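Numbering (this note's numbering), first residue to last: 632 to 1098. The beta carbon of each residue, even a glycine, is placed where N, CA and C say it ideally should be. Bear in mind the structure is a predicted one, so any value in this text is a computation, not a measurement.
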């Protein structure tokens, strides 16, 4: 039987300390939340412009974005591992290690970005491999978009990895600024390239991809400039030698997070093919529902990142009570948010759906999924809070197992049975999706309460102190 040591509901003994932690969380979280919302808008801009341009082209771009999740797997490994070590090293006041971690993150993001660029020449073939049931015009549009976005892989990987590392070191404003610049540019370029304005020819899906590619390169340049100017990140202009020890440390923590992302991304692709069985309209309704969901979970992700950063800093300095306090205060903040945004989604689903499309059939199909999303905000926010804390302690394997089990034992089989044998279409698939969310939350709750992450946290703390 599992012995439960910790609780999310325990009263924090020191009121002043609680207030200090909440303030620090918000200082890190608000720019991170703004950044995640802006990052989400980078994709939503493409979806919204294309939704009004042609919903079938929008569907093709959505399939391409699911492939991009697969390519993000290695980026997540680099970013998560580097962030955890940067936050713990910052807490331990080990500036030399922080600088070295940042340089290794730069090296890895550039190398991986170059490798990703090669796949731009195989874009349509990749989509045909993963979406054999998709219609031809959807695949062509998706291939045009994917080829452009992959050409900007170096910019994308640099933005993501450096953003994680800087947040882990306590500077969440710089990543936000870089994403803000990229988003403003992307919205303008989407309008120009998709519809053919200011003398440019109409490019549709290819134009959306071109705008995204250019904006990510600009965003990468901005975050590099801000990194050199940052007063919170211990970074020096002289490059460091490659250290196998640091690479091993980054990937030891980061690979489980990458495996979690890979498992989830492949599962989402399989899930998408299940939805294609219900017809392209059902899939379009699903993508609208997911886009609306992103409006809610991006703030949750921002707070999760803030929890990871603050938990890591306090763990690095040996202040475990404050690490736990950071989780609890972050969770409480997200609960307030969940009730507000969840209620709005449940009561006014069409208000959110019309951001992405004006097709009456798609709007009606997406209403129930959006209401379900509203009801599940508390579940989603709890899971994000706990996963953020476990990552801050360096415990990335357990969330990986939780995500894999929930995806492959609940979402996929339940969704398939509901669609294929009960003819429940989009709603049947979403029943499996909600079961996935509940299981992930429960498994992470048990892991946190058991305290079995303590040994991992101690090892990470020792590694940043002795490096």
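| Query | Result |
| --- | --- |
| From 727, 650, 1044, 658, pick the residue whose C-alpha is nearest to that of residue 874; which is it? | 727 |
| Where does the unbroken alpha helix (DSSP H) through residue 771 begin, and where does it stop? | 767-782 |
| Just checking my contact of residue 820 with residue 842 at CB under 8 Å: how many whole Å lie between their CB atoms? | 3 Å |
| Work out the CA separation of residue 1080 and residue 638 for me, nearest whole Å. | 6 Å |
| Can you give me the C-alpha to C-alpha distance between residue 804 and residue 796, rounded to a whole angstrom? | 12 Å |
| Going by alpha carbons, who is nearest to residue 865 out of 733, 1016, 687? | 733 |
| For residue 1069 and residue 831, what's the separation of their Cα atoms in angstroms? | 48 Å |
| Can you say whether residue 1075 is buried or exposed, counting buried as having 16 or more other CB atoms within 10 angstroms of its CB? | buried |
| Starting from residue 912, trace the alpha helix (DSSP H) in both directions and tell me its first and last residue. | 911-947 |
| What is the residue span of the alpha helix (DSSP H) that residue 748 lies within? | 726-749 |
| With a cut-off of 8 Å on the beta carbons, I'd call residue 928 and residue 1011 a contact; round off their distance for me. | 6 Å |
| Helix, strand or coil for residue 1099 per DSSP? | Examination of residue 1099 is not possible in this model, given that the chain is present from 632 through 1098 alone. |
| Taking 7 Å as the limit between beta carbons, can you name the residues of its chain near residue 1082, skipping five residues before and five after? | 636, 637 |
| Could you tell me which of 662, 1027, 693 sits nearest to residue 892, measuring between CA atoms? | 1027 |
| Out of curiosity, what's the CA-to-CA distance linking residue 989 and residue 730? | 49 Å |
| Over the uninterrupted alpha helix (DSSP H) stretch that includes residue 1041, give me the two end residues. | Residue 1041 -> no alpha helix (DSSP H), and no H or E assigned at all. |
| Roughly how many angstroms separate the alpha carbons of residue 999 and residue 933, rounded to a whole number? | 26 Å |
| Measure the CB-CB distance between residue 940 and residue 799 and report whether it falls below 7 Å. | yes |
| Residues in the same chain with beta-carbon distance under 8 Å from residue 976, minus the five sequence neighbours each way, listed in chain order, please. | 923, 927, 983, 1001, 1002, 1004, 1005, 1008 |
| Under a Cβ-count criterion, where at least 16 other Cβ atoms within 10 Å of its own Cβ denotes burial, should residue 769 be classed as buried or exposed? | buried |
| Would you check if the segment 772-787 and the segment 688-701 touch, i.e. whether three or more CB-CB distances between them fall below 8 Å? | yes |
| In the DSSP assignment, find the unbroken alpha helix (DSSP H) run with residue 1080 in it and report its ends. | 1056-1081 |
| Compare the beta carbon distance of residue 945 and residue 825 with 7 Å and say whether it is the shorter of the two. | no |
| In whole angstroms, what separates the C-alpha of residue 1087 from that of residue 1066? | 29 Å |
| Are at least three pairs of beta-carbons, each pair with one atom in the segment 955-965 and one in the segment 869-885, less than 8 Å apart? | no |
| To test your reading of the DSSP string, which unbroken alpha helix (DSSP H) runs of 4 or more residues are found completely within the segment 829-884? | 835-860 |
| When the distance is taken between beta carbons, is residue 740 closer than 7 Å to residue 778? | no |
| Run the CB neighbour count on residue 1091, radius 10 Å, all protein chains shown included, and call it buried at 16 or more, exposed below. | buried |
| My output table needs one value for residue 659: the three-state DSSP class, helix, strand or coil. | helix |
| For residue 1014, is the classification buried or exposed, using 16 other Cβ atoms within 10 angstroms of its Cβ as the cut-off for buried? | buried |
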